[in-house]
Amino acid sequence: MKLPSRRPNSAAAKATPGAPVILDRRRALRRLADAEFDVLVIGGGITGAYTALDAVSRGFSVALVERDDFASGTSSKSSKMVHGGLRYIEQGNVNLVRHSLLERHRFRRNAPHLVQRLPFLFPILEQEGVFDARIAKAFEGLLWTYDLVGGWRIGRLHQRLTPTEVLSHAPTLRADHLKGGFMYYDSRTDDARLTLTVVRTAAHLGAIVANGAKVERLLKTGGRVRGAVVRADGEDIDVRARVVVNATGVWTDELDVMADDAHRPQVRPAKGVHIVVPWSKIRNDCTITVPIPGRARRATCTRWGDVVVLGTTDTDYDGSVDDVNCTREEMEFLLDGANVAFNSGITADDVLGSYGGLRPLVGGKEGATLDMRRDHHISVGGGGMVTVTGGKLTTSRHMGELVVDKVARLLERKTRSRTAKLPLLGGAGYDPEAVAASGGTAAHLGGRYGTESRFVSELIAEDPALAEPLVDGQPHLKAEVVYAARSEMARSVDDVLSRRTRLRLFARDASAAAAPVVGELLGTELGLSADTIAGQVSSYRADIAREKSILLGDKA
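Numbering (the numbering used here), first residue to last: 2 to 557.
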């Protein structure tokens, strides 16, 4: 595919087929002050990332700034599903489902290393189920609708299973009231790595990207928003742009107020919580949807290697958007749901990790967040700033396309989006089945970096000590820390353990033990002082301790 030539302000390495894309943060920060950009995107979550990629792939000069780390907000704390959403059919929003399933197909084509097909199982139970045999026929009609409006693109249609077939996929499921089940197909992804890969692809095409770059205030000329003052590494940088895009998710209203004092809040956060337990407790080979006793909602149990992520989404939230955690009460209702559904006896002592995240819904304060629509909302404020919020991970590419359509009109440029068929870095030429069959380190690296996994392997060839695991029993290697520092703009122990590897989620306590090793590797790569490394390790371990204390109901 022919791509537009890079703009002269590119902070990405002049990538060649034999060299990785290098994200040089220091150079990027210098470049932010050097020129006026066509577009400044504020917010490094999945929506901001795809907005930047869409814009730069059309030939616009683009800057993307993120105050913390790429995907550090909602985009690393989602359900990790790339799906159409059966619930949206129940709500009557068939158009959203149809479009979401098309976008799911595009993700699987453009990022086959990151988005995998995933079977979902709904058990049919006589009692205490998501639904019972009386409404199973109606539910099957819903599944046919799902298949017909786009589910078929995944290559499988739904199936009705016998009790024996259900138990073959979930041997610990309680069988006393089991009448059968339904299996259908969707997809999953490591949301943080997907976001990072979109950011890196944008940088490869010429976008200037920087994390750790907080917007202090907006720049205005004649009442129009023309950029932002960004604080990074203790210095203020004036980033000038013809159009500014607010893609900050649950922080949207804070930035909109900077543009317009009269702005009225429009974002209503909905909280989702997840816990991680050993796979040996459930032994499922698919995602299983189970009821939560006493609550009008469902929980999903999804296998990731040797663990299962158990969670639910969409409860109202009115706390701090900067401090979101899974609480003891939330953990207990998830454990209750698991123990009612499975003969597992899972306790709080089995929980290996947890997280809480917020979805930026758009709407009023009335009614349950579970019933609110998931459509996105794009607007242009009085100062000319474009704001995007709402939507979901699955439709992020399309949201970016629509945002840039709006930007193009403001810039009086006629352009067309190119991202529907644009492979993400590591995706072109990747064969997931062949890599999965290879097993071991090759399969692990392939499922994270795609065809770029060879660059991690080259680091190991140069220094065999980098083949050592960060944590015994986990697949992540020391080489991945070096690669994260050189090519993925990782700045801290938390960046590596929380988002580049996800060890904080899947092996919380072990990740705390590995923090000094990660710090040492980062220090060598980034030239960090011993005091800085010690501070990062201490801060990471303190965050882990606080997370656990909240989960166990202790005083934080």
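Yeah, the Cβ is synthetic: ideal placement off N, Cα and C, and Gly gets one too.
Bridge partners - residue i, DSSP secondary structure assignment
i                 : result
proline 476       : Paired residues: none, contrary to the question.
tryptophan 252    : Answer is none; tryptophan 252 lacks a bridge partner.
serine 188        : Val83 and Arg118
leucine 527       : For leucine 527, which the question treats as bridged, DSSP gives no partner whatsoever.
lysine 221        : Val226
cysteine 327      : For cysteine 327, which the question treats as bridged, DSSP gives no partner whatsoever.
alanine 1         : The structure shown does not extend to residue 1, since the chain spans only 2 to 557, so no value can be given for it.
leucine 65        : Val42 and Val210
arginine 299      : Pro292
phenylalanine 456 : Looking at the DSSP assignment, phenylalanine 456 forms no beta bridge with any residue, so it has no partner.
valine 389        : Ile379
arginine 265      : According to DSSP, arginine 265 bridges with nothing at all.
proline 517       : Bridge partners of proline 517: none, in fact.
Which of helix, strand or coil DSSP assigns to residue i
i                 : result
asparagine 340    : helix
glycine 357       : strand
arginine 157      : coil
phenylalanine 507 : helix
leucine 311       : strand
isoleucine 43     : strand
valine 95         : helix
glutamate 434     : helix
glycine 401       : helix
lysine 422        : helix
histidine 275     : strand
isoleucine 90     : helix
alanine 36        : coil
phenylalanine 1   : The structure shown has nothing for residue 1, since the chain only spans 2 to 557.
serine 1          : This structure does not reach residue 1, given that the chain is present from 2 up to 557, and the question cannot be answered.
histidine 178     : coil
phenylalanine 334 : helix
glutamate 469     : coil
aspartate 239     : strand
alanine 214       : coil
glycine 554       : coil
valine 245        : strand
glycine 368       : Confidence at glycine 368 is low in this model, with a pLDDT of 49, below 50, so its placement is unreliable and the value that follows should be read with caution. Note: glycine 368 maps to coil in three-state DSSP.
arginine 417      : coil
leucine 362       : strand
aspartate 544     : helix
threonine 316     : strand
arginine 304      : strand
proline 21        : coil
leucine 394       : helix
leucine 446       : helix
leucine 411       : helix
proline 270       : strand
Residues of its chain near residue i, where Cβ-Cβ distance is below 6 angstroms and the 5 sequence neighbours each way are ignored
i              : result
leucine 89     : As written in the sequence, residue 89 is tyrosine, which differs from the leucine given in the question. The residues are Leu97 and Val98.
glycine 451    : His114, Gly427, Gly428 and Tyr431
lysine 3       : Annotation note: pLDDT 36 at lysine 3 (below 50); position unreliable, no value reported.
leucine 256    : Asn247 and Thr249
asparagine 111 : Pro424, Leu425 and Gly428
glutamine 537  : Ser493, Val494 and Gly520
methionine 332 : Ile276 and Leu552
proline 433    : Pro113
threonine 303  : Thr288 and Val310
Residues near residue i in its chain [Cβ-Cβ closer than 8 angstroms; skip 5 each side]
i              : result
isoleucine 551 : Asn326, Cys327, Thr328, Arg329 and Ala557
glutamate 489  : Leu24, Leu197, Arg201 and Arg501
leucine 498    : Leu504, Arg505, Ser512, Ala515, Ala516, Val519 and Tyr541
glycine 391    : Pro361, Leu362, Val363, Arg375, Asp376, His377 and His378
glutamate 510  : What sits at residue 510 in the sequence shown is aspartate, not glutamate. If we look at aspartate 510 and ignore the five residues flanking it on each side, its Cβ neighbours are Leu353 and Ile545.
arginine 26    : Ala211, Asn212, Gly213, Met490 and Arg492
proline 470    : Pro476, His477, Leu478 and Lys479
Beta-carbon proximity list for residue i, same chain, < 7 angstroms, skipping 5 on both sides
i             : result
histidine 170 : Leu122, Asn285, Asp286 and Cys287
valine 483    : Leu460, Leu467, Leu522 and Glu526
threonine 395 : Val83, His84, Ser101, Glu104 and Arg105
leucine 87    : Leu143 and Tyr147
Chain B within 8 angstroms of residue i, Cβ atoms only
i          : result
glycine 46 : Absent from the structure is chain B; it holds one protein chain and no more.
heavy atom of the ligand MG below 7 angstroms from residue i C-beta
i                : result
phenylalanine 61 : The model on display carries no ligand, and the ligand MG is accordingly not part of it.
Discussion item. I'd like the ranges of any beta strand (DSSP E) spanning at least 3 consecutive residues and lying wholly in the stretch 99-132.
Written reply: 116-126
Worksheet item: Does the stretch 335-345 come close enough to the stretch 38-56 that 3 or more CB-CB pairs lie under 8 angstroms?
Response: no
Item to complete: Check whether the stretch 292-309 touches the stretch 262-273, taking contact to mean three or more Cβ pairs, one atom from each stretch, closer than 8 angstroms.
Response: no
Discussion item. Closer than 8 angstroms is the cut-off here; do at least three beta carbon pairs connect the stretch 271-280 with the stretch 309-323?
Written reply: yes
Item to complete: Report yes or no: do three or more beta-carbon pairs, one from the stretch 75-88 and one from the stretch 436-448, lie closer than 8 angstroms?
Response: no
Practice prompt. Give a yes or no on contact between the stretch 180-198 and the stretch 221-239, applying the rule of three or more CB pairs nearer than 8 angstroms.
Written response: no
Practice prompt. Answer yes if the stretch 66-75 comes into contact with the stretch 168-185, meaning at least three C-beta pairs across the two stretches below 8 angstroms, and no otherwise.
Written response: no
Fill in: At least 3 beta-carbon pairs within less than 8 angstroms: the stretch 32-48 vs the stretch 232-243
yes
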